[in-house]
Structures are given as C-alpha cells and as structure tokens.
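Asks: Following this message is one structure expressed as structure tokens.
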Amino acid sequence: MAAAVDHQWPSARLASAGKPDGVAKQSILGGRGRHTGPLLGTQRRTWKGKAMNMTGPLAGKTALITGADTGIGKSIAKTLAGQGAQVVIQHPHSPESAADVVKEITNAGGSALALAADLGDRDEYEELIQALLEECGHWDVLVHTGAAAITTPLREISAEEFDLGFAAPAKAVFNGIQLAAAHLADGGRIITVGGSATPGNAVENAATEAIAEFTRSLAPDFTERRITVNAVSPGTAGENNGGQAEGEHEPSYVMGTGAAERLGAATELTDAVAYLVSDEAEAVTAQHIRVKAATA
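Numbering follows our numbering, with no gaps: position 215 of the sequence shown is 1701.
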C-alpha cells in the first residue's frame, strides 16, 4: 500500500536529464514515510477523493487530458478544472510547460496533476493510467488531443512523415480508448479532439477524419456501461448550424433538439468538450461534432 501523502507536495524535479523511462516520477515525503508519486508541476491538494472542497458541475470527477501542456489541450484542462474536475495533464516529457499549466490551474483554485508519457508507447500509457488510478482512485473522463501538423505537399510526403502525422496519432488514440475500456468508470466520457481541415495538410486532415470515425464506431462497445464516446473538430466551410458537414452521412445517434442547439451554438472547441463532459450530454454519443468558429 502506498504511503500517505501530505496535503502539500513539493515542486517536481526530474531525477536525470533527458527523457525519463516510463512515467516520470519523483520521491515525496509523505505522512508515513517515503512515497514515490507521479511527476507534479507544482503544489496541489490531496487527491484520492479526500476533502478536495471543489465545487462545480464536475466536482468529484477525474479528467485526463492528453497534450494538455499546450494549445487546445491546455485550454480544455483549464476549463474542466474551472468546473470542479480534478485534471490530469499528460505531457510528452516536457515538464516545464506542464508545470506552468498546473500552476495556472492551482492558482485559480483548481486541482491539477501532471504526468509524463509517450502515448504511442503502450507500456508508458498503461503506467500513466496506473499512476492516475493510484493518485486519484478513479478515472471518469478521457479527452484525447494532439496531432502532428505535416505541411509537406501530398506528392512529397515521406513514409516517416506519414507515420508521424497519421499512424502515430491513430495508435495513441487506440491505446487510450482501449485502456479506457478497461479502467474508465461507468458513466464516463471519451472525447477525441481533431485538427481543422486545412488545404495542404493532407495527412493531418486524413488523420482527423479517420480518428473521428474510429471514435464513433467504438461507441456501441461502451453503451452498456453508459460511457459516451464522441469526436470533436473545428468546423470548415460548407457546414450547417448543426455542426455537420453538408453531404456527410447521418450520425448513428440523432441528438435531441437541446443538445443540437447547444453544440451548434458552440464557438470554441472547449465549449463543445465541456458540454459533452457534462451530465446534460449523457445521451449524446457516437457523434463527430464539427464546431463552427465564431464570426465577428
């Protein structure tokens, strides 16, 4: 059994330079002796469901957001933490940027923890989940973000660039959803976040569409456990108010009017993700939501 952990944790430090093996960890002096815990970006409150004093619609929920040390992942992490969730920030062995995000969240009164792992490495991803469960006691939400922007013209893309921009992101999503099938709590949420369709980014565009369809296709596997599974991506030209591209096939689940209005009105990816994580979206699943950008 792991040793008890003090309410305040010291700042993180890497034991050695370079990429650590597996999930980065630090040694911490706990209430009953020495405890080895996951890498933390700054001081935080006690986890494992103990007196977090968090309020909001997501209070009591633990959300893992991948790639949350920067970009859209960071924005989603801050939003969910602001709604009371305990957020776990995955980063690809970039502790400095992850520490900054944790500091922003905790300074605003939220609760955050940073863990390092290469999501394409199944062993590292599994170690991350085990560390999450050890520290938090349960796992309720997976928000998977992250894509490699390959801007090389289609005719010049190398096999290595294809693997980086298509195969690697797809494998990371597969690893995460499969681990969610084994460890996510009943009634949980799985959301994959894709990139925008941009001319010239053939590999990223293809990866976004493939991952979204893969995500949707897995929804029936989670229905019995009341886990919703959805994909979100930025909208593109030629889309209607419902966030679905003209001519796209109908989703396997037809949203009710309220859900359609909420998602159709979303002007940011974070808005759509926050809604899909909420209790209000408990019946929304097997969707690829294309979020329309706000106009001036």
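Idealized CB from N, CA, C, for every residue including glycine.
None of the values given here were measured: they were computed from a predicted structure.
How far does the alpha helix (DSSP H) with H1577 in it reach, from first residue to last?
Replies: Here residue 1577 is taken as the residue at index 91 of the sequence shown, counted from 1. Unbroken run through H1577 is the beta strand (DSSP E), 1572-1577; no alpha helix (DSSP H).
Asks: Suppose the cutoff is 6 Å on Cβ atoms and the five residues either side in sequence are ignored; what does the same chain contact list for I1562 look like?
Replies: Here residue 1562 is taken as the residue at index 76 of the sequence shown, counted from 1. Cβ within range, chain order: I1551, V1629, T1756, V1759.
Asks: Using a threshold of 9 Å, state whether the C-beta atoms of F1660 and A1693 are closer than that.
Replies: Stepping through the sequence shown from its first residue, residue 1660 is reached at position 174. Stepping through the sequence shown from its first residue, residue 1693 is reached at position 207. The answer is no: Cβ separation not under 9 Å.
Asks: Considering only residues of the same chain and omitting the five flanking positions on each side of L1650, which have a CB-CB separation below 6 Å?
Replies: For the purposes of this step, residue 1650 is taken as residue 164 along the sequence shown, with counting starting at 1. So the list reads A1634, once near-sequence residues are dropped.
Asks: Rounded to whole angstroms, what's the CA-CA distance from N1687 to A1698? Just pull it up for me.
Replies: In the sequence shown, residue 1687 corresponds to position 201, counting from 1. In the sequence shown, residue 1698 corresponds to position 212, counting from 1. The alpha-carbon atoms of N1687 and A1698 are separated by roughly 17 Å.
Asks: T1701 lies in the alpha helix (DSSP H); which residues open and close that run?
Replies: If you number the sequence shown from 1, residue 1701 lands on position 215. Taken as a continuous stretch (DSSP letters only), the alpha helix (DSSP H) holding T1701 covers 1688-1704.
Asks: Using a threshold of 9 Å, state whether the C-beta atoms of L1605 and A1658 are closer than that.
Replies: Looking up residue 1605 in the sequence shown gives position 119. Looking up residue 1658 in the sequence shown gives position 172. Cβ atoms of L1605 and A1658: closer than 9 Å.
Asks: Using 9 Å as the threshold, is the C-beta distance between G1596 and M1540 below it?
Replies: The count along the sequence shown starts at 1 and reaches residue 1596 at position 110. The count along the sequence shown starts at 1 and reaches residue 1540 at position 54. Yes. Within cutoff.
Asks: Are the Cβ atoms of D1555 and H1577 separated by less than 9 Å?
Replies: In the sequence shown, the residue the question calls residue 1555 occupies position 69. In the sequence shown, the residue the question calls residue 1577 occupies position 91. Yes, Cβ-Cβ distance for D1555 and H1577 is below 9 Å.
Asks: Can you grab the Cα-Cα spacing for the pair S1644 / A1656, in whole Å?
Replies: Reading the sequence shown from its first residue, position 158 is the one you call residue 1644. Reading the sequence shown from its first residue, position 170 is the one you call residue 1656. Approximately 18 Å between the Cα atoms of the pair.
Asks: With L1605 as the anchor, note down where its alpha helix (DSSP H) starts and where it stops.
Replies: Position 119 of the sequence shown holds residue 1605. Premise fails: L1605 is in no alpha helix (DSSP H) and is neither H nor E.
Asks: Roughly how many whole angstroms lie between the Cα atoms of Q1569 and A1549?
Replies: One-based indexing of the sequence shown puts residue 1569 at position 83. One-based indexing of the sequence shown puts residue 1549 at position 63. When rounded, the distance between both Cα atoms is 11 Å.
Asks: Roughly how many whole angstroms lie between the Cα atoms of V1763 and R1675?
Replies: Within the sequence shown, numbered from 1, the residue matching residue 1763 stands at position 277. Within the sequence shown, numbered from 1, the residue matching residue 1675 stands at position 189. Between V1763 and R1675, the C-alpha separation is close to 6 Å.
Asks: Please classify S1561: does DSSP put it in a helix, a strand, or coil?
Replies: Residue 1561 sits at position 75 when you count from the first residue of the sequence shown. Reduced to three states, the DSSP call for S1561 is helix.
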